[in-house]
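Going down the list, the sequences are from chains A and B.
Under this note's numbering, think of the first position of the first sequence as 1, with each following residue one higher.
Under this note's numbering, think of the first position of the second sequence as 1001, with each following residue one higher.
Every residue gets a Cβ at the ideal spot worked out from N, C-alpha and C, and that includes glycine.
Below: one structure, written as structure tokens.
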Amino acid sequence: MKDYLLKFPDAWQFDVNDVIDNGIKAFSRNHREFFNIIKKGVVFSIHGIKDFLSFIPWWLFILIIVLIGCRVSRKKHVGILYGAMLFFIGSAGLWDHMLQTLSIIIASVVLSVLLGFPIGILLALKKDAERIVRPILDLMQTMPTFVYLIPAVMLFGVGITPALMATTIYAIVPMIRLTSHGIDQVDKEVLEAATAFGSTTLQTLVKVQIPQALPTIMTGVNQTIMMAMSMVVTCAIIGAEGLGMEILVATNRTEMGKALMPGISIVFIAVILDRITQGLVGDRERMPNE
Amino acid sequence: MSKDVIIKVENLCKLYGKNKAEATELMKRGADKDTVYKKTGVTVALWDVSFEVERGKIFVIIGLSGSGKSTLIRCLNLLTKPTSGKIYFEGEDIQKFSKQQILNYRRNKISMVFQNFGLMSHRNVLNNVAYGLEVKNVPRQLRENKAREMIALVGLDGWEEQAISNLSGGMKQRVGLARALASDPDVLLMDEPFSALDPLVRREMQFELLSIQSKLEKTIIFITHDINEAFKLGDTVAIMRDGKIIQIDTPERMSARPADDYVREFIESADKTQILTAKHVMIRPKCLVKPKDMPSQAIREMGANDVSTAYVVDDKMKFLGVITIDDAILARDKNLPMPSLIKTDVYTCHEDTILSEILSIAAESKYPLAVLDSQGKLKGIISKAAVLSSL
Ligand SMILES: Nc1ncnc2c1ncn2[C@@H]1O[C@H](COP(=O)(O)OP(=O)(O)OP(=O)(O)O)[C@@H](O)[C@H]1O
Ligand SMILES: [Mg+2]
């Protein structure tokens, strides 16, 4: 038997690793100024969010969450449960880490919503755009995160900037998908009615399509938050401080006890954010007026 | 006096599909819709449609499903762009309108009521009705006043702040009607507006529409596939088939001289379809008793439901008769068995009996009529008032 039939021939294998690495390095070197500005902006915003969160006294923070929890769930004990969860995080000595994690989450969710909402609308309205963007979205969601963590690090260095980029790339997808889906779903006859009464395209969008799609869009926001939460540990790998970093450090030292508390904290935060945003969706559906 | 024509349609055609030129050629040579579709893949939704609508009149378009009614009415406010032909509104060719002119035309001149209401579930009744005024930037106070006025006109006062989901079908269509009237248009387009409603509500809405029309004197173009509705509402009726108009006439002349068998069949169906029968007006009996029940139990049931007769059925709901409260009391006091006191001389009718036939029976009957199915099971009861009020 010929050798090349048994084993993929060496001569037919190609190697692009160096080309790509060098390309990105050169790109980053040539546009250093540009990336520095972005980096400064990101660091500034996330620190701003963190400073703001730290500015709120811990007890007030808990109180606010309790109140919001009571309001959206309409049950007192649910709000109190959320408060207890936060209290637990504080008493595990993780309050500050939680705020750090939260500030990256908030920044990436805000960025995802700000970018994802208009992109989603564009996709719903322009079917051509959809044909191009949909495969890209699939790619963003299925490509293992580490693959784009590396270029992000090469461009921005380690720290919160590439963490934010990676989180946003991952978390923006449901925002785009569900915004677009929500708008697509609007009843044809309702749209026709809007047109028949002399709405411009913009009026139809603002007065009919977006409000009608809002519950679906809010579900998108909720999923975006959940996706961002799931990136916390991954972000720690590229140097983002916070609960993820605690887990990572503990993992490296195989200290189960030390990893458990931040792990539970992440679950708690995820539960609270999930329920509160879902509660908001429900509220919308219950009170359709204004 | 010359006719005051508000809308005039000339040789309107609408084809759906790629190969329009070939389809047009075939149609001109007299091919029919199906053949054209098989040969070219083009659907001929409208072919060479011409008519005039007089101001202040109700023009009804009727035809089977797929005959092109919706396509036609949608051309009139340019929701659908015609393939060829002309549409004039007050003498102006609406297909020559600029974008802004089309908006103004839709905002001020012509509005629409939809089969499934087309209401916006995120807005309450008031804001739905005000929608047309909102898009033309009428100040809030003004548009809300106008909307309230229209809501009162369709008989929904007090419901302004309600969510759409809290309304019944009939009420939803009242909102649809109020919304269409709010911008004070000259023409109302109504695409099967009452088809989604049950027969009784439907009659009520037809009546409502006629009374509103007599007040406001709008021009109405109304689509239906129900010839009764067409003849009841229409000053003029146009009957469509496979994208063409077969006959345009007043209801009287159309029933006297149908243009062909298709029209004749439609007219003959008039007296069979959509005529109200017993099952449309019957209500559930409030008080049912079984022969083996104790008289005291029957008395309690009647007392609780505030009625003086109970309907007696066996375990399989087969109707046996009625028992009055006096007899039940007698049975209790004298300790008589209930079955001996059941009155069987009760007028009954089948659930498919036509209402006009029930009228004579109902007039004689002491108790509400018992409505039975073919197996003699009790389906409901009809009071004299219900028969009279629905005729
Ligand atoms: N957007 C479209 N694309 C292709 N064909 C269409 C389109 N709209 C309508 N048609 C076709 O045009 C014909 C007329 O349809 P139209 O909806 O006007 O009928 P209709 O009389 O309103 O029927 P119905 O009583 O079911 O509402 C039908 O054969 C339909 O399949
Ligand atoms: Mg139709």
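In the DSSP assignment, what residue or residues form a beta bridge with residue i?
i, result
"Tyr-1311 (chain B)", "B:Leu-1288, B:Val-1322"
"Val-1113 (chain B)", "B:Met-1190"
"Ile-1245 (chain B)", "B:Met-1240"
"Ile-1062 (chain B)", "B:Thr-1224, B:Ile-1239"
"Val-1371 (chain B)", "B:Cys-1349, B:Gly-1380"
"Thr-251 (chain A)", "DSSP, once it has assigned bridges, lists no residue as partnering Thr-251 (chain A)."
"Ser-1084 (chain B)", "B:Cys-1013"
"Ile-1283 (chain B)", "B:Ile-1381"
"Leu-1046 (chain B)", "B:Lys-1014"
"Thr-168 (chain A)", "None; Thr-168 (chain A) has no bridge partner."
"Glu-1054 (chain B)", "B:Val-1005"
"Lys-1343 (chain B)", "B:Val-1322"
"Asn-1124 (chain B)", "B:Ala-1163"
"Glu-1092 (chain B)", "B:Phe-1089"
With 16 other CB atoms within 10 Å as the buried threshold, where does residue i fall?
i, result
"Lys-1272 (chain B)", "Only weak support is given to the placement of Lys-1272 (chain B): the predicted model assigns it a pLDDT of 49, under 50, and the value that follows is read from those uncertain coordinates. Exposed is the call here."
"Asp-1352 (chain B)", "exposed"
"Thr-204 (chain A)", "buried"
"Gln-1375 (chain B)", "exposed"
"Val-19 (chain A)", "exposed"
"Asn-1128 (chain B)", "buried"
"Gln-1141 (chain B)", "exposed"
"Val-1138 (chain B)", "buried"
"Leu-67 (chain A)", "exposed"
"Phe-44 (chain A)", "exposed"
"Cys-1013 (chain B)", "buried"
"Arg-1106 (chain B)", "buried"
"Phe-34 (chain A)", "exposed"
"Ala-1152 (chain B)", "exposed"
"Lys-7 (chain A)", "exposed"
"Phe-146 (chain A)", "exposed"
"Arg-1253 (chain B)", "exposed"
"Tyr-82 (chain A)", "buried"
"Met-143 (chain A)", "exposed"
"Leu-273 (chain A)", "buried"
"Arg-1074 (chain B)", "buried"
"Ile-1062 (chain B)", "buried"
"Thr-1250 (chain B)", "exposed"
May I ask whether a heavy atom of ligand 2 can be found less than 7 Å away from the beta carbon of residue i?
i, result
"Val-138 (chain A)", "What sits at residue 138 (chain A) in the sequence shown is Asp, not Val. No, ligand 2 has no heavy atom inside 7 Å of this Cβ."
"Glu-192 (chain A)", "no"
"Lys-1377 (chain B)", "no"
"Lys-1069 (chain B)", "yes"
"Asp-1315 (chain B)", "no"
"Asp-1191 (chain B)", "yes"
Would the beta-carbon of residue i be found less than 7 Å away from any heavy atom of ligand 4?
i, result
"Tyr-1311 (chain B)", "Ligand 4 is absent from the structure shown, which contains only ligand 1 and ligand 2."
Check whether the Cβ of residue i sits closer than 7 Å to any heavy atom of ligand 1, and report yes or no.
i, result
"Ser-45 (chain A)", "no"
"Ser-1308 (chain B)", "no"
"Thr-251 (chain A)", "no"
"Lys-1020 (chain B)", "no"
"Gly-1118 (chain B)", "no"
"Tyr-1016 (chain B)", "yes"
"Ala-196 (chain A)", "no"
"Gly-1085 (chain B)", "no"
"Thr-1024 (chain B)", "no"
"Ala-1304 (chain B)", "no"
"Thr-1043 (chain B)", "yes"
"His-1225 (chain B)", "yes"
"Ser-1065 (chain B)", "yes"
Taking a cut of 8 Å between CB atoms, which residues from the stretch 198-217 of chain A lie near chain B?
-> Gly-198, Ser-199, Thr-200, Gln-203, Lys-207, Val-208, Pro-211, Gln-212, Leu-214
Contact set between the stretch 1111-1128 of chain B and chain A, restricted to residues whose Cβ is under 8 Å from the partner | Ser-1111, Met-1112, Phe-1114, Gln-1115, Asn-1116, Phe-1117, Gly-1118, Leu-1119, Met-1120, Ser-1121, His-1122, Arg-1123, Asn-1124, Asn-1127
Residues of the stretch 165-191 of chain A with Cβ closer than 7 Å to any Cβ of chain B, in chain order = Glu-189, Val-190
Below 8 Å, can you find three or more Cβ-Cβ pairs linking the stretch 1108-1118 of chain B to the stretch 1029-1048 of chain B?
-> no
Could you say if the stretch 215-234 of chain A and the stretch 172-186 of chain A meet the contact criterion of at least three C-beta pairs nearer than 8 Å?
-> Contact between the stretch 215-234 of chain A and the stretch 172-186 of chain A is present, because at least three Cβ pairs lie under 8 Å.
When the Cβ atoms of the stretch 1046-1055 of chain B are set against those of the stretch 255-269 of chain A, are three or more pairs found closer than 8 Å?
-> no
Below 8 Å, can you find three or more Cβ-Cβ pairs linking the stretch 1070-1083 of chain B to the stretch 1027-1037 of chain B?
-> Result no; under three Cβ-Cβ pairs closer than 8 Å.
Taking a cut of 8 Å between CB atoms, which residues from the stretch 1130-1144 of chain B lie near chain A?
-> Tyr-1131, Gly-1132, Glu-1134, Val-1135, Lys-1136
Please name the residues in the stretch 1054-1080 of chain B whose beta-carbon is closer than 7 Å to at least one beta-carbon of chain A, in chain order.
-> The stretch 1054-1080 of chain B vs chain A, Cβ under 7 Å: Asn-1077, Leu-1079.
Closer than 8 Å, Cβ to any Cβ of chain B: which residues of the stretch 121-137 of chain A, in chain order?
-> none
With 7 Å as the C-beta to C-beta threshold (strictly closer), list the residues of the stretch 215-245 of chain A near chain B in chain order.
-> none
The stretch 1185-1199 of chain B / the stretch 1219-1233 of chain B touching (three or more Cβ pairs under 8 Å) | yes
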